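K.L.:
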Amino acid sequence: MGNPQFSSLAFVLFCMTTATMILRPGEMIPALGLLPIYEVLILGTLLLAHQGVFRQFKPDSLLRQPVALCLIGTFIAIPVSHLTHMYFGGALHGTIEFTKAAMLFVLLVVVVDRWSRFERLTTVIACCATVMISFCLIDYLGIVDLPFIKHAEESYGQELDGDDIRIARMNGTGIFSDPNDISLLITATGILCLSFLTDRERGPLRVLWVLPIMLLALALVCTKSRGGMLAAAAAIGVLLMFRYGKGVAIAMGALGVLAAPIVLGRQANIDLSEGTGHDRLMLWREGLVALRSKDLFFGTGEGSYADFAGLVAHNSFVHAYVELGVVGGTFFFGMFFFCAWGLFRLNTQPWQILNPRQARFLPYMAAIGSGWTIGLMSLSRCYTVSTLLILALGTAYLNLAGWNLRPRRPVLQWDQFHVVRLAGASLAMFVALNLVVRVLA
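Note that the working numbering has the sequence shown beginning at 406, numbered continuously upward.
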């Protein structure tokens, strides 16, 4: 990144940017509401790290980062999805909005250029997320009334006398002001806290991480989010598989399935034949049917899903395929595909990551990515900064792993073999989504 002092300052500003994104000080303190805190911090980071950003976009650098190339493909697909419908205003607006989110992805990959910084950033994320979730929890439980937090209340069937059964669900703040959104953050934060708890090099005080883990578990139950429960189950399953093998993961998964209806109540009631589960399948169908037209390749236009379906898809992959077409949807899917493939490759190939602390974190990184991906199967969050933050963490991890392999090599490489793999996997995903809708909807 050039000057070491600029590099260090850029990293500090980026940590402050991430903390601001999670904590939303403008919502907590009304006097700060009109101040562009996030924008100033991220632009300051960009100013200090601009040389690294330029290097990031050099062809040889991009070829070693398939996830970043897929991000660029998604970036291009957004205006193209509008221009094919001659909607120039939508192309401009969509490009500007995605640029804001993508800037965080690029800057994270640039400034997190050593493992010590990765550890510091994940600590910042875990601490800030825990604080925000704690505020939401104490407000939800009625301990303190915080005016900047509003929780959701939904109908859940009817009493015998015909009155609606209303249930309250815990919301977050800012970009996490939805029970399903906050549940994904809770899962990712819980995995980070668990990684700190099990890190013996942190000394005896690491036992204090038990407290936020217990708080996060209670908060996840309070969201009453089925998608969040599935995300947590996927994250724990992948963590167990990476650490102890498939046998242990399957056994613990079976026990979890048996215990879930007793422990979780509504969150374990996943029924695709009626209720919200079936409603979401119908939304998927509306989008996929609309794609059987001239819009197949380049989509109906970013942000257009609710125009013909009434609501968003509540599935980020269906949402991306429909709005950006098979081409843009493949690039969006590719960001997750290459992150997952790279992490699983590190776990299965006879490669050794020379940094023992990074090697130890591999199962936790895979768990965070898996949990978020499964959570996106019930949420439309294709273009948000929260999704790109998780993808950027995975990309930074793979980049640092490549530097710490011997002999040094990129974990993945953009070449003909990888392009064919991506195309095949995306086709399989697209066909699977259509089959699920055809069979169950």
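Backbone N, C-alpha and C fix where the C-beta goes; we use that ideal spot for every residue, glycine too. If you're wondering where the values come from, they're calculated on a predicted model, not measured in any experiment.
#1: Let me confirm a value: F736 is counted as buried when at least 16 other C-beta atoms fall within 10 Å, else exposed. Which label applies?
#2: Evaluate the contact criterion for the stretch 715-725 versus the stretch 776-787: three or more CB pairs, one atom per stretch, below 8 angstroms.
#3: Let me check understanding here. Comparing Cα to Cα, which of G715, V732, H683, L693 lies closest to F702?
#4: Determine the contact status of A637 and L623, defining contact as a CB-CB distance below 8 angstroms.
#5: Around the Cβ of D586, are there at least 16 other Cβ atoms within 10 angstroms (buried) or fewer (exposed)?
#6: The alpha helix (DSSP H) that contains D465, what's its start and end?
#7: Okay, do the stretch 735-752 and the stretch 601-616 touch, 3+ Cβ pairs below 8 angstroms being the bar?
#8: Less than 7 angstroms between C-beta atoms, sequence neighbours within five positions excluded: which residues of the same chain meet that for C787?
#9: If you follow the alpha helix (DSSP H) that I477 is part of, which residue opens it and which one closes it?
#10: Would you call the stretch 825-843 in contact with the stretch 535-553, where contact means no fewer than 3 C-beta pairs closer than 8 angstroms?
#11: Note down the Cα distance separating L805 from D518, rounded to an integer number of angstroms.
#12: Count the other CB atoms within 10 Å of the CB of P584; is the residue buried (16 or more) or exposed (fewer)?
#13: Is it buried or exposed for T535, if we count other Cβ within 10 angstroms and need 16 for buried?
#14: Among A711, E728, L688, which residue has its Cα nearest to the Cα of S698?
#15: Which runs of the beta strand (DSSP E), 3 residues or longer, sit entirely within the stretch 590-635?
#16: Taking only three categories from DSSP, how would you classify I758?
#17: Where do the ends of the alpha helix (DSSP H) carrying F493 lie?
#18: Return the first residue and the last residue of the alpha helix (DSSP H) that M537 is part of.
#19: If you reduce the DSSP assignment to three classes, tell me which class E707 lands in.
#20: Throw me the rounded Cβ distance for the V472 and T800 pair, which I believe falls under 8 angstroms.
#21: By Cβ distance below 6 angstroms, which residues in the same chain neighbour Y769 in space, the five residues on each side in sequence not counted?
#22: Ordered along the chain, which non-local residues of its own chain (more than five positions away) have a Cβ less than 8 angstroms from that of G438?
#23: Note down, in chain order, each residue of its chain lying with its Cβ closer than 6 angstroms to the Cβ of L453, except the 5 sequence neighbours on either side.
#24: Am I right that I538 and I618 are in contact with their C-beta atoms under 8 angstroms? What's the rounded C-beta distance?
#25: Measure the alpha-carbon distance for A797 versus R571 and round it to whole angstroms.
#26: Along the alpha helix (DSSP H) that carries C744, what are the first and last residues, could you check?
#27: Taking buried to mean at least 16 other C-beta atoms within 10 Å of its own C-beta, is L748 buried or exposed?
#28: Do the stretch 759-773 and the stretch 498-505 make contact, defined as three or more Cβ pairs closer than 8 angstroms?
#29: Beta carbon of L794, beta carbon of L620: below 8 angstroms?
#30: Count the other CB atoms within 10 Å of the CB of L418; is the residue buried (16 or more) or exposed (fewer)?
#31: Hey, would you say T422 sits closer than 8 angstroms to L446, going by beta carbons?
#32: Y710: buried (16+ other C-beta within 10 angstroms of its C-beta) or exposed?
#33: Measuring only the C-alpha atoms, how far is P835 from L635?
#34: Mind checking whether the beta-carbon of W819 lies closer than 7 angstroms to any heavy atom of the ligand ATP?
#35: Which same chain residues end up closer than 8 angstroms to A573 when comparing Cβ atoms and leaving out the 5 residues on each side of it in sequence?
#36: Whose C-beta lies closer than 7 angstroms to the C-beta of D700 among residues of the same chain, with five residues either side of it excluded?
P.N.:
From the atom records:
#1: Counting from one through the sequence shown, the residue named residue 736 turns up at place 331. With 16 or more other Cβ atoms within 10 Å, it is buried.
#2: The stretch 776-787 and the stretch 715-725 touch, with three or more beta-carbon pairs separated by less than 8 angstroms.
#3: Within the sequence shown, numbered from 1, the residue matching residue 702 stands at position 297. The shortest C-alpha to C-alpha distance from F702 to any of G715, V732, H683, L693 is the one to V732.
#4: As a working mapping, residue 637 is identified with position 232 in the sequence shown. As a working mapping, residue 623 is identified with position 218 in the sequence shown. No. Outside cutoff.
#5: Taking the sequence shown and counting its residues from 1, the one referred to as residue 586 is at position 181. Buried, since its Cβ has 16 or more Cβ neighbours within 10 Å.
#6: Here residue 465 is taken as the residue at index 60 of the sequence shown, counted from 1. From DSSP, the alpha helix (DSSP H) with D465 extends over 464-468.
#7: The count of Cβ pairs closer than 8 angstroms, one atom from the stretch 735-752 and one from the stretch 601-616, stays below three, leaving the stretches out of contact.
#8: Here residue 787 refers to the residue found at position 382 of the sequence shown. In its chain, beyond the 5 residues on either side, S721, H724, A725, F737 have a beta carbon closer than 7 angstroms to the beta carbon of C787.
#9: Translated into positions along the sequence shown, residue 477 becomes position 72. Boundaries of the alpha helix (DSSP H) around I477: 471-488.
#10: Because the criterion of three Cβ pairs below 8 angstroms is not met, the stretch 825-843 and the stretch 535-553 do not touch.
#11: Numbered from its first residue, the sequence shown carries residue 805 at position 400. Numbered from its first residue, the sequence shown carries residue 518 at position 113. Note on geometry: alpha-carbon atoms of L805 and D518 lie some 7 angstroms from one another.
#12: For the purposes of this step, residue 584 is taken as residue 179 along the sequence shown, with counting starting at 1. By the neighbour-count rule (16 or more Cβ atoms within 10 Å), P584 is buried.
#13: Taking the first residue of the sequence shown as 1, we reach residue 535 at position 130. So T535 counts as buried.
#14: By 1-based counting over the sequence shown, the position of residue 698 is 293. The closest CA to that of S698, considering only A711, E728, L688, is found on E728.
#15: Runs found: none.
#16: Residue mapping note: residue 758 aligns to position 353 of the sequence shown, counting from 1. Looking at I758 - three-state DSSP - the assignment turns out to be strand.
#17: Looking up residue 493 in the sequence shown gives position 88. From DSSP, the alpha helix (DSSP H) with F493 extends over 493-516.
#18: The sequence position of residue 537 within the sequence shown is 132, counting from 1. 520-545 is the extent of the alpha helix (DSSP H) around M537.
#19: Along the sequence shown, one-based indexing puts residue 707 at 302. In the displayed model, E707 falls within coil according to three-state DSSP, outside both helix and strand.
#20: On the sequence shown, position 67 is the one that residue 472 refers to. On the sequence shown, position 395 is the one that residue 800 refers to. Indeed they touch by this definition, with Cβ atoms about 5 angstroms apart.
#21: By one-based count along the sequence shown, residue 769 stands at place 364. Same-chain partners within the cutoff: I596, S600.
#22: Here the question's residue 438 lines up with position 33 in the sequence shown. Hits under 8 angstroms: G431, E432.
#23: Translated into positions along the sequence shown, residue 453 becomes position 48. F411, L414, A415.
#24: For the purposes of this step, residue 538 is taken as residue 133 along the sequence shown, with counting starting at 1. For the purposes of this step, residue 618 is taken as residue 213 along the sequence shown, with counting starting at 1. That pair is no contact at about 12 angstroms.
#25: Counted from its first residue, the sequence shown places residue 797 at position 392. Counted from its first residue, the sequence shown places residue 571 at position 166. Rounded to the nearest angstrom, the two C-alpha atoms are 38 angstroms apart.
#26: The residue you call residue 744 lines up with position 339 of the sequence shown. First-last of the alpha helix (DSSP H) with C744: 721-753.
#27: Numbered from 1 along the sequence shown, position 343 holds the residue referred to as residue 748. So L748 ends up on the buried side.
#28: These segments do not touch.
#29: Numbered from its first residue, the sequence shown carries residue 794 at position 389. Numbered from its first residue, the sequence shown carries residue 620 at position 215. No.
#30: Mapped onto the sequence shown, residue 418 falls at position 13. With 16 or more Cβ atoms within 10 Å of its Cβ, L418 is classed as buried.
#31: For the purposes of this step, residue 422 is identified with residue 17 of the sequence shown, where counting begins at 1. For the purposes of this step, residue 446 is identified with residue 41 of the sequence shown, where counting begins at 1. With respect to the 8 angstroms criterion, T422 and L446 are classified as neighbours on the basis of their beta carbons.
#32: One-based indexing of the sequence shown puts residue 710 at position 305. By the neighbour-count rule (16 or more Cβ atoms within 10 Å), Y710 is buried.
#33: The count along the sequence shown starts at 1 and reaches residue 835 at position 430. The count along the sequence shown starts at 1 and reaches residue 635 at position 230. The sequence given here has Phe at residue 835, not Pro. A straight line joining the alpha-carbon of F835 with that of L635 spans about 21 angstroms.
#34: You won't find the ligand ATP in this model; it holds no ligand whatsoever.
#35: For the purposes of this step, residue 573 is identified with residue 168 of the sequence shown, where counting begins at 1. If we look at A573 and ignore the five residues flanking it on each side, its Cβ neighbours are Y545, H556, A557, E558.
#36: One-based indexing of the sequence shown puts residue 700 at position 295. Closer than 7 angstroms at the Cβ level, and outside the excluded window around D700, lie G730.
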